[in-house]
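Those sequence lines, one after another, are chains B and U. First residue of the first sequence: 0, per numbering that gives the first Met the number 0; consecutive thereafter. First residue of the second sequence: 0, per numbering that gives the first Met the number 0; consecutive thereafter. Note that CB positions come from ideal geometry on N, CA and C, so glycine has one too. None of these values were measured; they are calculated from a predicted model.
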Amino acid sequence: MSNFLSEGAKRMNEIIQIQNLKKTFVSDHNTVTALDGIDLSIEKGEIFGIIGLSGAGKSTLVRCMNYLEKPTAGTVIFDGKELGNMSEKELRKARQSISMIFQGFHLLMQRDALSNVCFPLEIAGVPKKEAKEKAKEMLELVGISDKAQAYPAQLSGGQKQRVAIARALATNPQVLLCDEATSALDPTTTQSILSLLQKINQKLGVTIVIITHEMRVIEAICHRVAILDNSCVAECGMVEEIFVNPRSDIAKRLIYPHGRKKTVFQKRGCLRIVFDGSSSFEPVVSNMVLTCGAAVNILFADTKDIDGKAYGQMLLQLPDDETAKRRIYAYLSSRNLYFKEEVADV
Amino acid sequence: MFNPEMIRLLAQGIWETLYMTIVSSLLAYVLGLPLGILLILTDKNGIRPMRLLNGALGFIVNFVRSVPFLILLIAVIPFTRFLVGTSVGSTATIVPLVLASAPFVARMVESSLKEVDRGVVEAAQSMGAGPWQIVTKVLLPEAKPSLILNAAIATTTILGYSAMSGFVGGGGLGTISINYGFYRYQSDVMLVTVLLLVVIVQVFQEIGWRIATRGDKRSR
Chain B
0 MSNFLSEGAK
10 RMNEIIQIQN
20 LKKTFVSDHN
30 TVTALDGIDL
40 SIEKGEIFGI
50 IGLSGAGKST
60 LVRCMNYLEK
70 PTAGTVIFDG
80 KELGNMSEKE
90 LRKARQSISM
100 IFQGFHLLMQ
110 RDALSNVCFP
120 LEIAGVPKKE
130 AKEKAKEMLE
140 LVGISDKAQA
150 YPAQLSGGQK
160 QRVAIARALA
170 TNPQVLLCDE
180 ATSALDPTTT
190 QSILSLLQKI
200 NQKLGVTIVI
210 ITHEMRVIEA
220 ICHRVAILDN
230 SCVAECGMVE
240 EIFVNPRSDI
250 AKRLIYPHGR
260 KKTVFQKRGC
270 LRIVFDGSSS
280 FEPVVSNMVL
290 TCGAAVNILF
300 ADTKDIDGKA
310 YGQMLLQLPD
320 DETAKRRIYA
330 YLSSRNLYFK
340 EEVADV
Chain U
0 MFNPEMIRLL
10 AQGIWETLYM
20 TIVSSLLAYV
30 LGLPLGILLI
40 LTDKNGIRPM
50 RLLNGALGFI
60 VNFVRSVPFL
70 ILLIAVIPFT
80 RFLVGTSVGS
90 TATIVPLVLA
100 SAPFVARMVE
110 SSLKEVDRGV
120 VEAAQSMGAG
130 PWQIVTKVLL
140 PEAKPSLILN
150 AAIATTTILG
160 YSAMSGFVGG
170 GGLGTISINY
180 GFYRYQSDVM
190 LVTVLLLVVI
200 VQVFQEIGWR
210 IATRGDKRSR
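In structure tokens form, the structure reads like this:
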């Protein structure tokens with residue numbers, strides 16, 4: 000009985016449920032299966048990531064969530080109602096609660112930022128004055144109220160995506176679908192857009208579904224992730240769990256794109272570092288490993304902390320890689336530490 | 000040739016040419032604009048794919064466009080008489096001009112609307128916009144610069160057709176150039192009418208270009 004109740008409570012929290020979703024594209028020459036039996040449930044208020052390589056079916060999946068793409072089989076339930084059973088009019092109404100942003104922004108080029116944000120409100124039949132007020136408020140939220148009169152052609156990629164986000168949020172949606180929303184942006188702008196999405200999720204409680212091919216996007220803001228491969232869900236769970244223990248091959252490939260890094264240490268020789276009173280508050284070895292991106296093996300260490308100054312020495316085994324070694328030497332020199340290569344066998 | 004008589008004649012010719020061209024262009028858009036919108040909506044990649052209707056409309060448009068204008072001009076004389084009561088003069092010429100240019104305008108409108116990014120239409124759909132809202136709030140406003148530019152091209156083409164109708168007494172500068180320049184060997188009259196036509200075309204083209212670029216928010 001208690002089991003049944005918790006199951007029921009869980010259902011209440013699901014905003015989108017996808018059951019056995021299938022989509023095949025039929026053209027004159029061939030049939031392509033984009034989705035093959037997808038089961039997913041997205042909970043209210045979470046940031047849910049969907050990752051996969053290109054052609055895995057991510058974009059089709061997200062388009063099935065608002066029925067821009069009609070599934071071949073299976074059901075999509077939004078807020079307890081099945082989209083497939085809705086009339087066209089009901090579906091259009093429901094779409095006002097499921098907003099979407101895109102990789103290519105898709106702003107109206109002949110309208111300025113403010114009237115772009117007014118656009119979904121016009122569609123929903125909100126009176127002009129009210130729409131304008133709401134649009135101003137939304138531009139404020141995404142941090143570009145100074146660009147209200149600017150046309151998309153005058154805005155940078157990041158600013159355009161902010162306008163698109165403001166536009167998507169204007170109708171107070173319950174869900175925001177992001178289709179590769181940061182893939183056309185540089186890393187810094189990507190980070191700022193991701194922080195904005197996170198802020199929106201926390202402040203407005205909007206459920207966010209993020210489609211991406213970049214693991215760093217998932218890592219940065221998602222709570223849960225589904226990994227899509229060959230039109231199927233290969234793995235689904237909490238982001239931390241999947242990062243620590245990826246089970247499927249595709250998850251491993253996405254998390255370690257260049258294979259798991261194994262350091263081969265040099266067989267002969269090691270490095271002696273002498274600490275003679277440098278600050279012990281600075282984690283020299285850890286910083287060296289992080290900055291140089293090379294692992295080291297501590298063979299011996301004897302250091303003391305006297306009044307915040309480090310004294311002693313350390314023997315390190317270095318990777319068998321000349322570039323890594325050069326970087327380590329350069330780093331140690333820049334820290335004014337005495338070091339010496341020893342030729343002894345290890 | 001520059002006697003008051005001839006100048007009066009040329010002035011009337013300019014007036015008739017402008018009258019025919021502008022009224023025909025407007026009416027051609029009254030027919031062609033909805034036709035073009037219908038072509039784009041019912042296309043197999045459009046927002047309301049309708050294979051049969053699209054095919055039928057496409058066939059009619061292509062059929063009318065492939066009939067040479069002079070032949071169409073003569074072929075529709077009975078219809079013109081029925082509508083206007085006569086088949087000569089500038090008002091009568093408007094009938095074949097509209098019939099010949101409406102399909103052309105429809106194709107022009109179709110190609111302008113096709114330039115609108117599919118993604119923007121998809122974005123509007125994702126916000127719950129219906130077909131009518133997509134046409135009036137997305138397709139037409141977004142394609143406006145291209146529509147205006149194409150309207151200038153359509154207008155100058157219709158002007159050319161109107162001059163051709165001079166052969167069957169259509170009125171305007173075309174009739175003057177044929178009656179005086181061609182049949183009476185008054186080359187100076189022919190030259191002047193042609194120059195006047197060139198100037199009118201230039202003016203139409205320039206006006207269209209200016210309105211289109213000034214209104215285009217993509218280029219600032």
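In chain order, what residues of the same chain lie with their CB nearer than 6 angstroms to the CB of residue i, ignoring the 5 residues before and after it?
i	result
Val-61 (chain B)	Leu-176, Asp-178, Ile-210
Ala-180 (chain B)	Ile-100
Val-31 (chain B)	Phe-24
Lys-57 (chain B)	Ile-49, Gly-51, Ile-210, Leu-227
Val-342 (chain B)	Gly-268
Asn-296 (chain B)	Phe-264, Gln-316
Arg-326 (chain B)	Cys-291
Thr-192 (chain U)	Leu-172, Ile-175, Ser-176
Ala-323 (chain B)	Ala-293
Tyr-179 (chain U)	Gln-185, Val-188
Ala-219 (chain B)	Leu-193
Between which residues of its own chain and residue i is the CB-CB distance below 8 angstroms, once the five residues before and five after are set aside?
i	result
Gly-7 (chain B)	Note that Gly-7 (chain B) has pLDDT 45, beneath the 50 cutoff, so the model's placement of it is unreliable and no number is given.
Leu-158 (chain U)	Thr-16, Thr-20, Leu-196, Ile-199, Val-200, Phe-203
Ile-199 (chain B)	Leu-140, Ile-164, Leu-168, Leu-175, Val-205, Ile-207
Asn-19 (chain B)	Gly-36, Ile-37, Asp-38, Ala-72, Gly-73, Thr-74
Leu-4 (chain B)	For Leu-4 (chain B), the pLDDT reaches just 46, beneath the cut-off of 50, and the residue's location in the model is therefore unreliable, although a value from the coordinates is still provided. None.
Val-115 (chain U)	Val-137, Leu-138, Glu-141, Ala-142
Ala-55 (chain B)	Leu-227, Asp-228, Asn-229, Ser-230
Lys-308 (chain B)	Gly-276, Ser-277, Ser-278, Ser-279
Ser-182 (chain B)	Gln-102, Thr-211, His-212, Glu-213
Ser-251 (chain U)	For residue 251 (chain U) there is no data in the structure shown, the boundaries of chain U being 0 and 219.
Ile-206 (chain U)	Ala-151
Going along the chain, which residues of its own chain have a beta-carbon closer than 7 angstroms to the beta-carbon of residue i, five neighbours each way excluded?
i	result
Arg-166 (chain B)	Asn-115, Val-116, Phe-118, Pro-119
Ala-152 (chain B)	Met-108
Ala-149 (chain B)	Asp-111, Ala-112
Met-0 (chain B)	Bear in mind that a pLDDT of 41 at Met-0 (chain B), under 50, signals an unreliable position, so the model cannot answer this.
Leu-72 (chain U)	Pro-95, Ser-164, Val-167
Met-85 (chain B)	Ala-93
Ser-332 (chain B)	none
Gln-312 (chain B)	Arg-271, Ile-272, Val-273, Phe-274, Asp-301
Buried or exposed: which applies to residue i, given that a residue is buried once 16 or more other Cβ atoms fall within 10 Å of its Cβ?
i	result
Tyr-235 (chain U)	For residue 235 (chain U) there is no data in the structure shown, the boundaries of chain U being 0 and 219.
Glu-89 (chain B)	exposed
Met-126 (chain U)	buried
Asn-232 (chain U)	As displayed, chain U neither begins before 0 nor continues past 219, which places residue 232 (chain U) out of reach and without an answer.
Lys-379 (chain B)	Outside the displayed span of chain B (0 to 345) sits residue 379 (chain B), for which this structure offers no information.
Gln-95 (chain B)	buried
Arg-246 (chain B)	exposed
Phe-229 (chain U)	Any answer about residue 229 (chain U) is impossible in this case: the structure gives chain U only from 0 up to 219.
Asn-2 (chain B)	Because Asn-2 (chain B) sits at a pLDDT of 46, beneath the cut-off of 50, its placement in the model cannot be relied upon, and the point is left open.
Arg-213 (chain U)	exposed
Ser-186 (chain U)	exposed
Asn-65 (chain B)	buried
Gln-124 (chain U)	buried
Leu-56 (chain U)	buried
Write down the C-beta distance between residue i and residue j rounded to the nearest angstrom, noting that I regard them as a contact closer than 8 angstroms.
i	j	result
Pro-172 (chain B)	Ser-98 (chain B)	4 angstroms
Met-163 (chain U)	Leu-69 (chain U)	6 angstroms
Pro-318 (chain B)	Val-284 (chain B)	Actually they are not in contact, since the Cβ atoms of Pro-318 (chain B) and Val-284 (chain B) sit about 14 angstroms apart, beyond 8 angstroms.
Leu-172 (chain U)	Gly-12 (chain U)	4 angstroms
Asn-61 (chain U)	Ser-111 (chain U)	That belief does not hold up - the Cβ atoms of Asn-61 (chain U) and Ser-111 (chain U) are roughly 18 angstroms apart, past 8 angstroms.
Ala-105 (chain U)	Gly-170 (chain U)	Not quite, the Cβ-Cβ distance comes to about 26 angstroms (not below 8 angstroms), so this is no contact.
Ile-142 (chain B)	Ile-192 (chain B)	Looking at the sequence provided, one finds Gly at residue 142 (chain B) rather than Ile. Rounded, the Cβ-Cβ distance is 11 angstroms, inconsistent with contact.
Glu-109 (chain U)	Leu-67 (chain B)	Not quite, the Cβ-Cβ distance comes to about 23 angstroms (not below 8 angstroms), so this is no contact.
Arg-64 (chain U)	Pro-33 (chain U)	Actually they do not touch by this definition, with Cβ atoms about 17 angstroms apart.
Lys-22 (chain B)	Thr-59 (chain B)	5 angstroms
Leu-106 (chain B)	Lys-146 (chain B)	Not really, about 12 angstroms apart at Cβ, beyond 8 angstroms.
Ser-24 (chain U)	Ala-153 (chain U)	6 angstroms
Is any beta-carbon of chain D found at less than 8 angstroms from that of residue i?
i	result
Glu-121 (chain B)	Included in the structure are the protein chains B and U, with no chain D among them.
Following a CB-centred definition, is residue i positioned closer than 7 angstroms to any heavy atom of the ligand PLP?
i	result
Ser-277 (chain B)	Looking at this structure, you won't find the ligand PLP or any other ligand, since it has none at all.
Taking 8 angstroms as the threshold, find out whether the stretch 240-250 of chain B comes into contact with the stretch 212-227 of chain B through three or more Cβ pairs. yes
Let me know the beta strand (DSSP E) ranges lying completely inside the stretch 7-90 of chain B, each 3 residues or longer, listed in chain order. Correct list: 13-25, 30-42, 46-51, 72-77.
For the stretch 123-130 of chain B and the stretch 129-149 of chain U, state whether three or more C-beta atom pairs, one from each stretch, are separated by less than 8 angstroms. Because the criterion of three Cβ pairs below 8 angstroms is not met, the stretch 123-130 of chain B and the stretch 129-149 of chain U do not touch.
Counting only runs that start and end within the stretch 156-227 of chain B, where is the beta strand (DSSP E) found for 3 or more residues in a row? 174-178, 206-211
Alpha helix (DSSP H) runs contained entirely in the stretch 262-320 of chain B, provided each spans 4 or more residues: 283-291
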